[in-house]
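Undergrad: Sequences listed follow chains A and B, in order.
Numbering-wise (the UniProt record's numbering), the first sequence opens with residue 1 and increments by one.
Numbering-wise (the UniProt record's numbering), the second sequence opens with residue 1 and increments by one.
Heads up, the beta-carbon is just placed ideally off N, CA and C, and yes, glycines get one too.
2 protein chains.
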Amino acid sequence: MTTSPESSGGVTQSHKPACPTAEMGRWPASWEQEMQSTVNYLWHTDDLLGQGATASVYKARNKKSGELVAVKVFNTASYLRPREVQVREFEVLRKLNHQNIIKLFAVEETGGSRQKVLVMEYCSSGSLLSALESPENAFGLPEDEFLVVLRCVVAGMNHLRENGIVHRDIKPGNIMRLVGEEGQSIYKLTDFGAARELDDDEKFVSVYGTEEYLHPDMYERAVLRKPQQKAFGVAVDLWSIGVTLYHAATGSLPFVPFGGPRRNKEIMYRITTEKPTGAIAGTQRLENGPLEWSYTLPITCQLSMGLQSQLVPILANILEVEQAKCWGFDQFFAETSDILQRVVVHVFSLPQAVVHHVYIHAHNTIAIFLEAVYKQTNVAPQHQEYLFEGHLCVLEPSLSAQHIAHTTASSPLTLFSMVCETPKGLAFRDRCRRQIWVLILHTPLKCHVTRAGGLPNLLRSVQRSGKGTPVETGRCGFNVVSTVRAALDIPKFFPKVDLQADYNTAKGVLGAGYQALRLAQALLTGQELMLRGLHWFVESLQATCRRTLEVTRMALLFLSSSLGTERFSNVAGVPEIQELKRAAELRSKLRTLAEVLSRCSHNITETKMTLSNLSSELMKNRDQVHADRSIQQIQCCLDKMYLIYKQFKKSRMRPGLGYNEEQIHKLDKVNFSHLAKRLLQVFQEERVQKYQASLVTHGKRMRVVHETRNHLRLVGCSVAACNTEAQGAQESLSKILDWLSHQLLQDRTKEAQASPPTTAPYPSPALKDLVLHMQELCKEMKVLASDLQDNNRVIEGLSRVPSAPDI
Amino acid sequence: MTTSPESSGGVTQSHKPACPTAEMGRWPASWEQEMQSTVNYLWHTDDLLGQGATASVYKARNKKSGELVAVKVFNTASYLRPREVQVREFEVLRKLNHQNIIKLFAVEETGGSRQKVLVMEYCSSGSLLSALESPENAFGLPEDEFLVVLRCVVAGMNHLRENGIVHRDIKPGNIMRLVGEEGQSIYKLTDFGAARELDDDEKFVSVYGTEEYLHPDMYERAVLRKPQQKAFGVAVDLWSIGVTLYHAATGSLPFVPFGGPRRNKEIMYRITTEKPTGAIAGTQRLENGPLEWSYTLPITCQLSMGLQSQLVPILANILEVEQAKCWGFDQFFAETSDILQRVVVHVFSLPQAVVHHVYIHAHNTIAIFLEAVYKQTNVAPQHQEYLFEGHLCVLEPSLSAQHIAHTTASSPLTLFSMVCETPKGLAFRDRCRRQIWVLILHTPLKCHVTRAGGLPNLLRSVQRSGKGTPVETGRCGFNVVSTVRAALDIPKFFPKVDLQADYNTAKGVLGAGYQALRLAQALLTGQELMLRGLHWFVESLQATCRRTLEVTRMALLFLSSSLGTERFSNVAGVPEIQELKRAAELRSKLRTLAEVLSRCSHNITETKMTLSNLSSELMKNRDQVHADRSIQQIQCCLDKMYLIYKQFKKSRMRPGLGYNEEQIHKLDKVNFSHLAKRLLQVFQEERVQKYQASLVTHGKRMRVVHETRNHLRLVGCSVAACNTEAQGAQESLSKILDWLSHQLLQDRTKEAQASPPTTAPYPSPALKDLVLHMQELCKEMKVLASDLQDNNRVIEGLSRVPSAPDI
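1) In chain order, what residues of the same chain lie with their CB nearer than 6 Å to the CB of residue 687 of chain A, ignoring the 5 residues before and after it?
2) Going by CA-CA distance only, name the one from A:744, A:41, A:115 that's closest to residue 579 of chain B.
3) Going along the chain, which residues of its own chain have a beta-carbon closer than 6 Å to the beta-carbon of residue 364 of chain A, five neighbours each way excluded?
4) Alpha carbon to alpha carbon, what distance is there between residue 750 of chain B and residue 790 of chain A?
5) Have a look at residue 105 of chain B and residue 510 of chain B and give me their C-alpha separation to the nearest angstrom.
6) To which residues of the same chain is residue 607 of chain A closer than 7 Å at the C-beta, ignoring the five residues directly before and after it?
7) Roughly how many angstroms lie between the CA atoms of residue 345 of chain B and residue 142 of chain B, to the nearest whole one?
8) Roughly how many whole angstroms lie between the Cα atoms of residue 359 of chain B and residue 44 of chain A?
9) Quick one: which residues of the region 158 to 184 of chain A get their C-beta closer than 9 Å to a C-beta of chain B? List them in chain order.
10) Around the C-beta of residue 80 of chain B, are 16 or more other C-beta atoms found within 10 angstroms, so that it is buried, or is it exposed?
11) May I ask you to report which of helix, strand or coil DSSP gives residue 410 of chain B?
12) What are the boundary residues of the alpha helix (DSSP H) that includes residue 220 of chain B?
13) Taking a cut of 9 Å between CB atoms, which residues from the region 289 to 316 of chain B lie near chain A?
14) Check distances from the C-beta atoms of the region 625 to 649 of chain A to those of chain B and list, in chain order, the residues that come in under 7 Å.
15) Using alpha carbons as the reference points, say which of A:495, A:582, A:294, A:226 lies closest to residue 269 of chain A.
16) Do residue 611 of chain B and residue 542 of chain B have their C-beta atoms within less than 7 Å of each other?
17) Looking at chain A, which residues of the region 511 to 543 of chain B have a Cβ within less than 8 Å of any of its Cβ atoms?
18) Within 10 angstroms of its Cβ, does residue 257 of chain B collect 16 or more other Cβ (buried), or is it exposed?
19) At a Cβ threshold of 7 Å, is residue 406 of chain A touching chain D?
20) Please list, in chain order, the chain A residues whose beta carbon lies closer than 7 Å to that of residue 389 of chain B.
21) Which residues mark the beginning and the end of the beta strand (DSSP E) in which residue 284 of chain B is found?
22) Output yes or no for whether 7 Å exceeds the beta carbon distance between residue 343 of chain B and residue 415 of chain B.
23) By alpha-carbon positions, which one of B:114, B:291, B:683, B:149 ends up nearest to residue 129 of chain B?
24) Looking at the secondary structure, which residues open and close the beta strand (DSSP E) in which residue 51 of chain A lies?
25) Buried or exposed: which applies to residue 533 of chain A, given that a residue is buried once 16 or more other Cβ atoms fall within 10 Å of its Cβ?
26) Distance check for residue 390 of chain A and residue 389 of chain B, CA to CA, integer angstroms please.
27) Near residue 264 of chain A, which residues of its chain fall below 8 Å by C-beta distance, leaving aside the five closest residues on each side in sequence?
28) So which residues on chain A does residue 622 of chain B lean against when the C-beta distance must stay under 7 Å?
29) Evaluate contact between the region 240 to 248 of chain A and the region 282 to 296 of chain A, counting only Cβ atoms and requiring at least three cross-stretch pairs below 8 Å.
30) In chain order, what residues of the region 695 to 712 of chain A put their CB closer than 7 Å to some CB of chain B?
31) Helix, strand or coil for residue 617 of chain A per DSSP?
32) Beta-carbon of residue 557 of chain B versus every beta-carbon of chain A: anything under 7 Å?
33) Put residue 384 of chain A into one of helix, strand or coil per three-state DSSP.
34) Assuming contact is defined by CB atoms lying nearer than 7 Å, are residue 267 of chain B and residue 282 of chain B in contact in what I supplied?
35) Start and end of the alpha helix (DSSP H) containing residue 682 of chain B?
36) Just by C-beta distance, which residues in the region 356 to 378 of chain B are closer than 7 Å to chain A?
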């Protein structure tokens, strides 16, 4: 908390928080004397929250309600300021009323010395700066917390603009944190000592602020003391917000000359003013070395790629010194609101073994979601297939994204790509990005980590130290992922006791340790999600097997009922009947189909067995993951390291240590080093190696699963084709049945009409009888004919005799 | 840590730990002067860990390695003891070597005063007593931690017995806690000041120990100073272990006279000696009131019923004053080992909405597991059906229990009972035990909780205060669950400032608060598990739908191919052919079956829709559960309460408070009360009510799901029956096809044989032609016959003429 007397136009040069809130120790004997109060409030001067040039801030209590408040007590120096400057802070605060801006409750006076006291809202959890100073946040805030900061700062700033107020000293130290009733963080802008009313197009000439967060124009005059006469507008707040957000996202400042921002102010000014459009950070790694620009957030940043891709353009456009290119507040509010209105869908990509955060608007269609997934995973929308909690989950592109289930990082949508069975199989292996952080243990306290995609962006070029230079080692199927060789550069203690240096070293090591813990957790979660995702996929294949099997068995039953018992072999000499021949053919075809189906059924049963074996393998692996204790081991080292770090933090405030204390301090350093070494060993030998092994196995299993899936699809197609053919054959058979029935009926009908029931010699002669009778008839006729010939011969003979006298 | 000079036979009367480890405050100016050391070790007299009559224990460091140790420094009083008693502790410790017994590293002397110093293993995490004194454990340890205590105490004790050592002062304060490399607790027996060598059947006469944990025989002589001359055996340790385990499991002592164990020692003795067999606790609730016995652990105990049922018989048998009934060490080791060798399977019973812990041996068969589940859930083994991670999970009774997947409390096996569709449906509703803790807010700081089964045993008769009397309110389907009306009796502050009383009150309230938090978490987890379990069950029904639908559709396709196109109507006057009539009937039957199947298919589609709707309802509910913030709200109140409690804990050490401090203290009390009120309000109005509502909905949905399941089973049976019938009909049709083919072939064969191919005038005469020809033949024969008659007449006439002269 810093205040600057307007008269001197001074800029606070201190980056550290004025004084860390002292932990309540034992009650000192003189406690009672150090109490101060106003009419309604009471505080102890030990409860100092912050101190500036004109005032000190204490934690106080309402005498009646006990409510905790912050009181800002102005000192004598403050009264040297012009009257209108003295009252400006009250007036600004009175005008404002917003949950993300610290509230002014009252203005009172102390009892004895009659000093002015501002009674304000108390935030129990320190400032954003103190959060960023904690080793856990050495590489920036976690995604959720960052989004809370963004939401609060944007909302508070919006309220300031609506009221025509310019803050002029926005920085993490002036953003206080409060824990809400649900445990959530609420951030509030505070310290309006430098604030004044200023319309959008108005200008001011005094300089305020803290140099690391200062707009280059102000920096030029305030820090470099250049005699320019620029007037400044409301945009100065926007620049400070940009630096603040970068700091919150990464744990580091965006613009760092060699030796730090305060060591080389000319370079600092050059970095901010020469920064190319689109760049969001600039570093000078070597003394007098070149400036290096960065267009992305460092790999150590904890934010997901999904969020980073939204955030980076905003940072690039507000960290822009050219007024023509720089966004105004309106655009800033619009773009940040767009991020804040989005919901996150967690997607675990099974082929890549990575969790993605996909930010979409609830009113978007699912098609837009699929497209967003494509951007992060390179799996085309039409090839995306999802599992959620063990079951296939069909996402209809035309529906609203609200139909997507509520996901969490540990219960994400699991993405499976359908495309891997095509000859583009190579792309699958490439896309899998099975490369991983490789940790190389350099010294007991120095280790390097090489990364090549695939993991949450926990570690990238750690600590712009010059040791982690990017090395391109691999290409991926769709986009080139340049492999960044990053150093998880754990600093080393110097043997000599130097309380401040030792504290700094311990802090750095602890920060790296927390990063290693997060990475280890991500690796373990990744392993768990791979196994679970595969398990679910195998289960869904098992379900397909069961369904196909059931259909196949049903078809076989229906077929077997149509096969008949006898074969129609042609009797020699009997005229062929086409339909019967066809029926025989159809039945033979059905028999063949039945054989095919039976083979399919057998095949599926075998596939089921294979899948079952894979399932039990996965189960065993999951038990191993459950039994893994590396996270607990790392956590345990960290807990012990943290205790030593806390001791170092206390010690550094002391002027020096006695002999025995110094001995203990030295032993603590040794102890701390041992713990750090052990931590890295567990990380490397337990976690990373196991993860690497599991990725290799995962790749192999993914291939097996894909092959099985394709195989099952083929078998399924065969079964379907067989069924269609079988149904066709059955239909034909059914028609033949019709024909036969028809034939038989017709014949019988004619026969009935042909033989007249009563006149026929053989009332109902069989054809055979008829023929026999005809043969008899013929014989008789032959006898008759021969008799007739005999007779004729006799008559001829007689007629050759002289004709007898007429009778 | 207490030591008792053997000579006096004294019993430590103090129950409190000698002095809580002072948190490292600021470095006092006089730090350097208060250091002490031996040749190899160095400590600060502020780092006092414990103090007894003959020695003090400090946290110290190895001068070279920095390793932390505990040093026990004997004072002048200790040298008044007989020499053999003085050396006994070293000698006992030297003999022992076990990870659950504190290790002796060295015996050294201080530099100046040449006091004897025992250098021992340092346990950084205090004692089991300090763990039990923490408000979080006010109602005993969580199950996992309790099992660690049991394992460690049993193993350590076993080592003592193997070496013929009796400890004689076992109590939570003498069981130290260390955090292992994986963050797990390791407990170690310490303070062997009262220990001596003693064989199993040997006796001793001196009395040692701490009265709450003392065997009644020793108590009689040591506390009541009765002039009995009993000698004591190794069993005294077993009694102390019993009291210690009860304390660890419940947070309270088992034997409590009105006013506390130290207020009424005669009653204390009566409770321990008159305790009936099987009872594990005895309380006197009213002044001069009757003794009440308890045969179970209190309902507030955090241990699962599964573990309680194993533990209670052990406690009952070692808290047994009659030597004949009391277990020996061998039986104690055997029975505790049996518990410790078991693995836990987490089973969430969907009909009951409760998580059960089922303890089984890995070598048990699944049948034994199913039986164990039956004991806890009343769902008979043959009716148990399990889901795990979204999928049905078939547990083959004959297999080993090792085949059961690894479960956790948040990822349990989900039990579904198959029996609910039978008319025993009522049993389902009974068994569901939908009763729940009802929280009645009495006063702002006093609330009562009524419990009736169904929830983890978090709250039972809270604080044997006489206010929570058991009231039987309901019967369950299978066993009577007597409803216990338990008071979450939150004590009230007295308005007057009394630092010790206020601290005690705050501690009590905080303990109840943590209990409420755990209960709230259990309720939320229960809600989540209900929804997830139902969701999975619905998914599995959906899969059944899909499978049945596919089968039905397939059957319909096969049927449609057999229906034929024409109907065989009998032509009038044509003789009926039985087979054709039968075919017609079969086809008509197939058509009917097709209609039935089509209706089934329609029905399943409708069921699917219903299930989909239920699914989306469940999804919405799950989103609500995810959005629930009551746990965070309660946690938030607790965090703030904890800070005040910590302040009170510090204040109570001070002789008094100044005016302003007292004001702040009063305000803190008010604040604390407000927070407690808010906590209970959230618990009651947010958590409990929502849970109750969700239980009602769950019950309704369970009925729907059961009905759907039964309906689907019926439909499935219909489909199967239709299919069987259809297959039968198809088979008959196929036979008719055979018959028809046969008939036609036979006819044609006969015909072909009847007409001789070449001699016949009409080589291939149709029957019609044949008849025509025969008619012509007949006509010709008639003509021929009449010619012949004419001829015969001519010949007769000629022969009547006189015969002509011979030629």
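TA: This is what the structure holds:
1) Once the five neighbours on either side are set aside, the close Cβ partners of residue 687 of chain A are 520, 523, 630.
2) A:744
3) Leaving aside the five residues that flank residue 364 of chain A on each side, the residues in its chain whose CB is nearer than 6 Å to its CB run, in chain order, 401.
4) 40 Å
5) 40 Å
6) Excluding sequence neighbours, residue 607 of chain A sits near 545, 708, 711, 712.
7) Cα-Cα distance, rounded: 17 Å.
8) 56 Å
9) 179, 180, 181, 182, 183, 184
10) exposed
11) coil
12) 216 to 222
13) Within the region 289 to 316 of chain B, no residue qualifies.
14) Listed in sequence order: 626, 629, 632, 633, 635, 636.
15) A:226
16) The Cβ atoms of residue 611 of chain B and residue 542 of chain B lie closer than 7 Å to each other.
17) 532, 535, 536, 539, 543
18) buried
19) Absent here is chain D; the protein component of the structure consists of chains A and B.
20) Correct list: 390.
21) 281 to 284
22) Taking 7 Å as the cut-off, the Cβ atoms of residue 343 of chain B and residue 415 of chain B do not count as close.
23) B:149
24) Per DSSP, residue 51 of chain A belongs to the beta strand (DSSP E) from 41 to 51.
25) buried
26) 6 Å
27) Closer than 8 Å at the Cβ level, and outside the excluded window around residue 264 of chain A, lie 257, 258, 284.
28) Correct list: 406.
29) no
30) none
31) helix
32) yes
33) strand
34) Cβ distance not < 7 Å, so residue 267 of chain B and residue 282 of chain B don't count as in contact.
35) It is not in any alpha helix (DSSP H) - residue 682 of chain B carries neither H nor E in the DSSP assignment.
36) none
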